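**Student:**
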Amino acid sequence: MPNSVSSARLAVAAAGVTVVLWASAFVSIRSAGAAYSPGALALGRLLAGALVLGAVLLARREGLPPRAAWPGILVSGLLWFGVYMVVLNWGEQEVDAGTAAMLVNIGPILIALLGARFLGERLPPRLLAGMAVSFAGAVAVGLSMSGEDGHASVLGVALCLLAAVAYAGGVVAQKPALAHASALQVTTFGCAIGAAACLPFAGQLVTEAARAPLSATANMVYLGVFPTALAFTTWAYALARTTAGRMGATTYAVPALVVLMAWALLGELPGALTLLGGALCLAGVAVSRSRPRGSAAPASGAGAGPKEAAGERRE
Numbered sequence: 251m252p253n254s255v256s257s258a259r260l261a262v263a264a265a266g267v268t269v270v271l272w273a274s275a276f277v278s279i280r281s282a283g284a285a286y287s288p289g290a291l292a293l294g295r296l297l298a299g300a301l302v303l304g305a306v307l308l309a310r311r312e313g314l315p316p317r318a319a320w321p322g323i324l325v326s327g328l329l330w331f332g333v334y335m336v337v338l339n340w341g342e343q344e345v346d347a348g349t350a351a352m353l354v355n356i357g358p359i360l361i362a363l364l365g366a367r368f369l370g371e372r373l374p375p376r377l378l379a380g381m382a383v384s385f386a387g388a389v390a391v392g393l394s395m396s397g398e399d400g401h402a403s404v405l406g407v408a409l410c411l412l413a414a415v416a417y418a419g420g421v422v423a424q425k426p427a428l429a430h431a432s433a434l435q436v437t438t439f440g441c442a443i444g445a446a447a448c449l450p451f452a453g454q455l456v457t458e459a460a461r462a463p464l465s466a467t468a469n470m471v472y473l474g475v476f477p478t479a480l481a482f483t484t485w486a487y488a489l490a491r492t493t494a495g496r497m498g499a500t501t502y503a504v505p506a507l508v509v510l511m512a513w514a515l516l517g518e519l520p521g522a523l524t525l526l527g528g529a530l531c532l533a534g535v536a537v538s539r540s541r542p543r544g545s546a547a548p549a550s551g552a553g554a555g556p557k558e559a560a561g562e563r564r565e
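The sequence shown: position 312 = 562 (the numbering used here), numbered continuously.
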């Protein structure tokens, strides 16, 4: 029991690292996105992440994932690391930040529904209630960010919805792969596959890097090393130890953290609606991760494959 409790705490800590780093990505995307086109930014970010992850993988001598893990790695690499990053960068150029945030936050709801359909995960009432509260908070934050100058083209809305679908599909595909391979293996090769899918943008990346300010390139590298290499690995570590639906709900903490970081780092004082939305996001996450009184917490392998349940982890 002590080991399962310790593993559960590590999973919660890993999820916390993920949401903090993903929230920080929005600040860096503002700088890098001003100098790099969507495809070039995605490729540069993924190349930086793949290099770091590859070096760590070699140092740990983990090698190639087992054959059974490859279908999930391929699908998640193409959808989440490839399609999602390109279309989200593109979509955010076509719609205001608030609208993009609202549309992309459909993703966790899709994750829960797809997890129930394809992974056999349950949809407990507290998870559904928490996600409803958090989504309402995300909408409030989005409306406050849009303001009077908000804009949204049909193309931009379609791209953001596609990003949400790609994100959800990638997470649900990644979950089974974690039953056969470590979080580091799944993340490293998923990132490499995403980078390979973005290679058609290599020419744009070279051209734009030659004239981009150093700050924009530094932010692109930061996106690759921390919100990609580190945060996606801690995400996979936590996902292997809980359900896809619960992990998706956890990401609703990101809008609240973005508000706080914009306040602290950019001096953007949030309004009353923004603060209310952020509070709702956090409250919803707390509800979705809570359990009825008297219910026992699942073992660290709950919702994972047989290797996790048996404690046969390689991280």
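Positions of the beta carbon are idealized from the N, C-alpha and C atoms, including for glycine. In this text, all values refer to a predicted model and were calculated from it rather than measured experimentally.
Apart from the five residues just before and just after Phe331, which ones in its own chain have a Cβ nearer than 7 Å to its Cβ?
**Tutor:** Hits under 7 Å: Leu296, Gly440, Cys441, Ile443 and Gly444.
**Student:** Suppose you measure from the CA of Glu565 to the CA of Ala433; what does that come to, to the nearest Å?
**Tutor:** Since pLDDT at Glu565 reaches only 38, below the 50 mark, its modelled position is unreliable, and the value read off the structure follows with that caveat. Roughly 7 Å between the two C-alpha positions.
**Student:** So, at 6 Å on beta carbons, what are the nonlocal neighbours of Pro520 in its own chain, with the 5 sequence-adjacent residues on each side left out?
**Tutor:** Excluding residues within five positions, the ones whose Cβ falls inside 6 Å are Val509 and Trp513.
**Student:** Among Gly357, Ala382, Leu324 and Ala305, whose alpha-carbon lies nearest the alpha-carbon of Phe446?
**Tutor:** Before going further, note that residue 446 is Ala rather than Phe in the sequence given. Checking every option, the nearest Cα to that of Ala446 belongs to Leu324.
**Student:** Taking the Cβ atom as the reference point for each residue, do Gly380 and Ala499 lie within a distance shorter than 8 Å?
**Tutor:** Yes, the Cβ-Cβ distance between Gly380 and Ala499 is below 8 Å.
**Student:** Should Ser540 go down as buried or exposed, given a rule of 16 or more other Cβ atoms within 10 Å for buried?
**Tutor:** Counting Cβ neighbours within 10 Å, Ser540 comes out exposed, since fewer than 16 surround it.
**Student:** To the nearest angstrom, how far is it from the Cα of Ala554 to the Cα of Thr478?
**Tutor:** Model confidence at Ala554 stands at a pLDDT of 41, short of 50, so the residue's coordinates are unreliable; what they give is reported in the following sentence. Approximately 23 Å, taken between the alpha carbons.
**Student:** Taking the alpha carbon of Gln424 as the reference point, which residue from Gly294, Leu364, Gly527 and Leu525 has its own alpha carbon closest?
**Tutor:** Minimum Cα distance to Gln424 is reached at Leu364.
**Student:** Take the Cβ of Leu515 as the centre, count every other Cβ of all protein chains shown within 10 Å, and call the residue buried at 16 or more, exposed below.
**Tutor:** By the 10 Å Cβ count, Leu515 comes out exposed.
**Student:** Which residue from Pro505, Leu260, Ser257 and Gly266 puts its Cα closest to that of Ala386?
**Tutor:** The shortest Cα separation from Ala386 among Pro505, Leu260, Ser257 and Gly266 belongs to Pro505.
**Student:** Could you tell me if Ser403 is buried or exposed, where buried requires 16 or more neighbouring beta carbons within 10 angstroms of its beta carbon?
**Tutor:** Under this definition Ser403 is an exposed residue.
**Student:** Who are the near neighbours of Ala282 in its chain, counting only those whose CB is closer than 7 Å to its CB and skipping five residues on each side?
**Tutor:** Only Leu291, Ala466, Asn469, Met470 and Leu473 meet the Cβ criterion.
**Student:** Reducing DSSP to helix, strand and coil, say where Asn339 ends up.
**Tutor:** The answer is helix: DSSP assigns Asn339 an H, G or I state.
**Student:** Classify Ser538 as buried or exposed, calling it buried when 16 or more other Cβ atoms lie within 10 Å of its own Cβ.
**Tutor:** Looking at its Cβ environment, which holds 16 or more other Cβ atoms inside 10 Å, Ser538 is buried.
**Student:** Mapping DSSP to helix, strand and coil, what is Thr492?
**Tutor:** It is coil, neither helix nor strand.
**Student:** Please check the pair Ile356 and Ala429, which I expect to be a contact at CB under 8 Å, by giving their CB distance rounded to whole angstroms.
**Tutor:** Not confirmed; about 27 Å, so no contact.
**Student:** Comparing C-alpha positions only, which one of Gly534, Thr492 and Gly527 sits nearest to Leu260?
**Tutor:** The shortest Cα separation from Leu260 among Gly534, Thr492 and Gly527 belongs to Thr492.
**Student:** On the CB-based measure, 16 or more other CB atoms within 10 Å of its CB, does Leu314 come out buried or exposed?
**Tutor:** Exposed, because fewer than 16 other Cβ atoms sit within 10 Å of the Cβ of Leu314.
**Student:** Compare the Cα-Cα distances from Ser257 to each of Val345, Ala490 and Leu303 and report the closest residue.
**Tutor:** It is Ala490 whose Cα lies nearest to the Cα of Ser257.
**Student:** Secondary structure at Ile443, three-state DSSP: helix, strand or coil?
**Tutor:** Helix at Ile443.
**Student:** May I ask you to verify whether the region 478-488 touches the region 261-272, counting CB pairs closer than 8 Å and requiring at least 3?
**Tutor:** Yes, the region 478-488 is in contact with the region 261-272.
**Student:** Going by the beta-carbon positions, is the gap between Val475 and Gly289 smaller than 8 Å?
**Tutor:** No, they are not a contact pair.
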